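In this note's numbering, the protein residues as written are 22 to 157.
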Amino acid sequence: MGTKGREVPRVVCCAIPINSAAGKVLVITSRKRQDFWVLPKGGWEPTDVKLEAAASREALEEAGVRGPITRFVTTINSPSTIYHFYELEVSSLDKDWLESKERRREWVDYAEAYRRIVWKPELAQGLSLSSLAPQR
Numbered sequence: 022m023g024t025k026g027r028e029v030p031r032v033v034c035c036a037i038p039i040n041s042a043a044g045k046v047l048v049i050t051s052r053k054r055q056d057f058w059v060l061p062k063g064g065w066e067p068t069d070v071k072l073e074a075a076a077s078r079e080a081l082e083e084a085g086v087r088g089p090i091t092r093f094v095t096t097i098n099s100p101s102t103i104y105h106f107y108e109l110e111v112s113s114l115d116k117d118w119l120e121s122k123e124r125r126r127e128w129v130d131y132a133e134a135y136r137r138i139v140w141k142p143e144l145a146q147g148l149s150l151s152s153l154a155p156q157r
C-alpha cells in the first residue's frame with residue numbers, strides 16, 4: 022500500500038530556518054531520536070489554511086523560531102507523505118517555546134546542516150534545493 026494505513030498520503034510542511042546574511046541553518050534534535058538532527062516539520066492542519074502557515078507554526082512549536090516565509094523551495098512526494106519545503110528567514114528566537122524541554126537547536130553552516138540531516142533523505146533533498154546550498 023505504501024501510505025502507512027492512510028487512504029491518502031500525509032501532508033507535511035517543513036521550514037528551513039535560515040539566517041541568510043550569516044549563511045546559517047537552524048537545526049533541531051528529533052524528539053524520537055534525541056541524538057539525531059532534523060528541520061522543523063509537521064502535518065498540515067485545516068486550521069493552517071495555507072501550507073506555508075503550517076511550516077511557520079511547526080518552526081515556532083518545535084524550534085521557537087519567528088520570521089517570515091521567504092521562499093517556497095520544493096515539494097517531495099513519497100508513497101506515504103507529501104513534503105512541502107519553505108525557507109523561513111529567522112528574525113527572532115523565543116527563549117522558551119512549546120517543545121523547548123524536548124529539543125535542542127543549533128545554528129550551523131549549510132555543510133554541517135546537510136551532514137546532520139542526511140539520515141532523513143527527504144530533509145536532505147529539501148535542504149539541497151535551498152538558497153544556502155552550493156550552486157551546482
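Ideal Cβ placement from N, Cα and C applies to all residues, glycine included. Just so it is clear, the structure is predicted and the values come from calculations on it, not from any experiment.
With a Cβ-Cβ cutoff of 8 Å, do residue i and residue j count as a contact?
{"i": "residue 79", "j": "residue 36", "result": "yes"}
{"i": "residue 95", "j": "residue 144", "result": "no"}
{"i": "residue 166", "j": "residue 128", "result": "Any question about residue 166 goes unanswered here, given that the chain covers just 22 to 157."}
{"i": "residue 63", "j": "residue 32", "result": "no"}
{"i": "residue 90", "j": "residue 73", "result": "yes"}
{"i": "residue 148", "j": "residue 134", "result": "yes"}
{"i": "residue 136", "j": "residue 52", "result": "no"}
Within 10 angstroms of its Cβ, does residue i collect 16 or more other Cβ (buried), or is it exposed?
{"i": "residue 77", "result": "buried"}
{"i": "residue 22", "result": "Only weak support is given to the placement of residue 22: the predicted model assigns it a pLDDT of 39, under 50, and the value that follows is read from those uncertain coordinates. The residue in question, residue 22, is exposed, as its Cβ has fewer than 16 Cβ neighbours within 10 Å."}
{"i": "residue 38", "result": "buried"}
{"i": "residue 50", "result": "buried"}
{"i": "residue 106", "result": "buried"}
{"i": "residue 42", "result": "exposed"}
{"i": "residue 66", "result": "exposed"}
{"i": "residue 58", "result": "buried"}
{"i": "residue 111", "result": "buried"}
{"i": "residue 108", "result": "buried"}
{"i": "residue 142", "result": "exposed"}
With respect to the alpha helix (DSSP H) encompassing residue i, which residues constitute its N-terminal and C-terminal limits?
{"i": "residue 75", "result": "72-84"}
{"i": "residue 133", "result": "131-138"}
{"i": "residue 143", "result": "142-149"}
Based on the DSSP secondary-structure assignment, which residues constitute the bridge partners of residue i?
{"i": "residue 11", "result": "An answer regarding residue 11 cannot be provided, because it is not within the stretch 22 to 157 covered by the chain."}
{"i": "residue 165", "result": "Nothing can be reported for residue 165, as the shown portion of the chain is limited to 22 through 157."}
{"i": "residue 127", "result": "48"}
Would you mind reading off the limits of the beta strand (DSSP E) that contains residue i?
{"i": "residue 57", "result": "Residue 57 -> no beta strand (DSSP E), and no H or E assigned at all."}
{"i": "residue 46", "result": "45-50"}
{"i": "residue 36", "result": "31-40"}
I think residue i touches residue j, with their Cβ atoms under 8 Å apart; what is that distance to the nearest whole Å?
{"i": "residue 44", "j": "residue 153", "result": "6 Å"}
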